[in-house]
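Residue numbers (numbering that gives the first Met the number 0): 0 to 324. Encoded as structure tokens, the structure appears first; notes follow it.
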Amino acid sequence: MKYQQRLQVAVREHLRKLMTAPYSSSGHEVHLAVTWINSQPALTGLLEEASQSEPGVDRERFRTGLTRSGRFVWPSRTEQGRATLIWELMQSIATKEASNPDVGLQTAIGYSMERRHQDSWREFAEDILQPLFDFLSERVGSESSILHTLERYRTRIEWFDREELYTRFDADRANGEEVYNLDLQRFLFLEGDHITHAKPRSASGEADLVGELDGRDPLVCDGKIFDGSSRGKGYLVKGVHQIVKYAHDYGKHTAYLVIYNITDKLLELPTDGTPGVWPPYTEISGVRVYFIHVRVLPPTTTASKAGKATLVILTHDDLTNPDTT
Numbered sequence: 000m001k002y003q004q005r006l007q008v009a010v011r012e013h014l015r016k017l018m019t020a021p022y023s024s025s026g027h028e029v030h031l032a033v034t035w036i037n038s039q040p041a042l043t044g045l046l047e048e049a050s051q052s053e054p055g056v057d058r059e060r061f062r063t064g065l066t067r068s069g070r071f072v073w074p075s076r077t078e079q080g081r082a083t084l085i086w087e088l089m090q091s092i093a094t095k096e097a098s099n100p101d102v103g104l105q106t107a108i109g110y111s112m113e114r115r116h117q118d119s120w121r122e123f124a125e126d127i128l129q130p131l132f133d134f135l136s137e138r139v140g141s142e143s144s145i146l147h148t149l150e151r152y153r154t155r156i157e158w159f160d161r162e163e164l165y166t167r168f169d170a171d172r173a174n175g176e177e178v179y180n181l182d183l184q185r186f187l188f189l190e191g192d193h194i195t196h197a198k199p200r201s202a203s204g205e206a207d208l209v210g211e212l213d214g215r216d217p218l219v220c221d222g223k224i225f226d227g228s229s230r231g232k233g234y235l236v237k238g239v240h241q242i243v244k245y246a247h248d249y250g251k252h253t254a255y256l257v258i259y260n261i262t263d264k265l266l267e268l269p270t271d272g273t274p275g276v277w278p279p280y281t282e283i284s285g286v287r288v289y290f291i292h293v294r295v296l297p298p299t300t301t302a303s304k305a306g307k308a309t310l311v312i313l314t315h316d317d318l319t320n321p322d323t324t
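Written out as structure tokens, the structure is:
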């Protein structure tokens with residue numbers, strides 16, 4: 000069974016557990032579902048992308064609608080916006096569950112007119128929570144998540160293709176960055192159905208990869224070598240600002256910077272998200288830039304003999320003050 004199919008089955012199983020949970024443990028079941036989703040990069044990638052699709056969705060109207068003060072109407076205009084509302088609600092329930100075990104039931108009772116608590120929870124789970132799991136299952140099956148595809152690309156290189164690609168890079172270092180970017184372009188097309196065109200012209204210059212998904216949605220994705228010297232932190236900072244300009248040119252609010260680390264140094268990247276959650280990202284001039292860090296240098300020794308690696312830290316200050324790097 001393919002990875003996507005296994006993930007779809009797991010998504011449906013967690014929905015089943017939510018819908019059949021006893022009302023007394025409904026909040027705990029939400030907590031377990033949130034914890035599991037957060038452990039799946041493909042799902043968090045989908046949800047990160049969804050949160051950018053309808054940034055102005057009326058969250059207050061959604062929360063008010065979950066009470067009996069009026070008829071419930073979804074305030075979102077897109078599936079992504081609806082998924083974002085549900086995901087934020089589930090995270091809120093999961094956070095409160097430790098100190099208030101009844102928070103799941105209380106939320107359901109506020110929404111449902113059913114007399115029995117179990118019926119209230121079932122109705123709430125079916126009407127309010129299920130659309131999120133339908134969204135995730137459908138998107139995983141269609142492999143439409145760019146972050147999901149990029150996460151698989153990173154894994155493919157680090158696990159299987161480091162030596163081959165590095166040999167090609169080392170044979171033509173003057174054009175070495177192009178070796179990796181063409182490989183990325185091919186992977187995006189074959190695995191994610193993201194049709195990309197190498198170096199199309201835009202008002203800001205030439206992006207390494209600006210692609211289209213089904214001929215409609217521009218994908219702004221740039222790849223940069225990190226060698227710790229001439230192509231060090233300053234080179235990455237310039238790459239970030241370049242890709243923000245490309246996003247502005249194409250009217251996009253999301254961009255992706257793939258960093259090919261050809262050193263044995265550890266690279267720590269800034270994030271405006273939850274620390275430790277992949278992928279890190281930063282918001283600059285209305286554009287969310289995701290960092291996809293790929294270790295492309297083949298290991299020359301075992302980890303136990305390698306010694307302590309040097310840590311290179313790219314900070315928010317480096318990004319906002321590029322002249323200092």
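Where a beta carbon is used, it is the ideal one built from N, C-alpha and C, also for glycine. Here the structure is a predicted model, which means the values were calculated and not measured.
Please confirm whether V10 and S136 have their CB atoms less than 8 Å apart.
-> Your numbering for residue 10 matches position 11 in the sequence shown. Your numbering for residue 136 matches position 137 in the sequence shown. Using a Cβ distance threshold of 8 Å, V10 and S136 count as a contacting pair.
Between the C-alpha atoms of E87 and E113, what's the straight-line distance to the nearest angstrom?
-> Residue mapping note: residue 87 aligns to position 88 of the sequence shown, counting from 1. Residue mapping note: residue 113 aligns to position 114 of the sequence shown, counting from 1. In a straight line, the C-alpha of E87 is about 25 Å away from that of E113.
For the alpha helix (DSSP H) containing E267, list its first residue and its last residue.
-> Here residue 267 is taken as the residue at index 268 of the sequence shown, counted from 1. Segment 265-267 is the beta strand (DSSP E) holding E267; no alpha helix (DSSP H) there.
Distance between F132 and W120 (C-alpha atoms, nearest Å) | Position 121 of the sequence shown holds residue 120. Position 133 of the sequence shown holds residue 132. Straight-line spacing of the CA atoms in W120 and F132 works out to 16 Å.
Any contact of the region 122-129 with the region 16-23, i.e. 3+ C-beta pairs under 8 Å?
-> Counting Cβ pairs under 8 Å, three or more are found: they touch.
Secondary structure of V293, DSSP reduced to three states | Position 294 of the sequence shown, counted from the start, is the residue given in the question as residue 293. Correct three-state label for V293: strand.
Looking only at its own chain, which residues have a Cβ that is under 6 Å from the Cβ of G103, when we skip the five neighbours before and after it?
-> Looking up residue 103 in the sequence shown gives position 104. Excluding positions up to five away in sequence, the list reads S25, G26, V29, I92.
For H315, count neighbouring Cβ atoms within 10 angstroms of its own Cβ and tell me buried if that reaches 16, exposed if not.
-> Reading the sequence shown from its first residue, position 316 is the one you call residue 315. By the neighbour-count definition (other C-beta atoms within 10 Å, threshold 16), H315 is an exposed residue.
Just mark D213 as buried or exposed, buried being the case when its beta carbon has 16 or more other beta carbons within 10 Å.
-> As a working mapping, residue 213 is identified with position 214 in the sequence shown. Low per-residue confidence applies at D213: pLDDT is 47, beneath 50, and the placement is therefore not dependable, though the value from the model is reported in the following sentence. Exposed.
State whether the region 223-231 contacts the region 274-282, with contact taken as three or more CB pairs (one from each stretch) at a distance under 8 Å.
-> A contact is defined here as three or more CB-CB pairs under 8 Å, and the region 223-231 fails this definition with respect to the region 274-282.
Name the DSSP beta bridge partners of G222, please?
-> Your numbering for residue 222 matches position 223 in the sequence shown. Partner(s): V257.
Quick one, are the C-beta atoms of S284 and V243 less than 8 Å apart?
-> Indexing the sequence shown from 1 puts residue 284 at position 285. Indexing the sequence shown from 1 puts residue 243 at position 244. Yes, Cβ-Cβ distance for S284 and V243 is below 8 Å.
For H193, three-class secondary structure by DSSP | Sequence index remark: in the sequence shown, residue 193 carries index 194 (1-based). Correct three-state label for H193: strand.
Given S75, which residues of its chain have a CB within under 7 Å of its CB, disregarding the five upstream and five downstream residues?
-> Counting from one through the sequence shown, the residue named residue 75 turns up at place 76. Result list for S75: E53, V56, R81, L84, in chain order.
To the nearest angstrom, how far is it from the Cα of N320 to the Cα of K264?
-> Working through the sequence shown from its first residue, we reach residue 320 at position 321. Working through the sequence shown from its first residue, we reach residue 264 at position 265. The alpha-carbon atoms of N320 and K264 are separated by roughly 23 Å.
Nearest candidate by alpha-carbon position, reference D221, set I291, A32, T281 | For the purposes of this step, residue 221 is taken as the residue at position 222 of the sequence shown. It is I291 whose Cα lies nearest to the Cα of D221.
Would you call E96 buried or exposed, if buried means 16 or more other Cβ atoms sit within 10 Å of its Cβ?
-> Taking the first residue of the sequence shown as position 1, residue 96 is located at position 97. Within a 10 Å sphere around the beta-carbon of E96 sit 16 or more other beta-carbons, which makes this residue buried.
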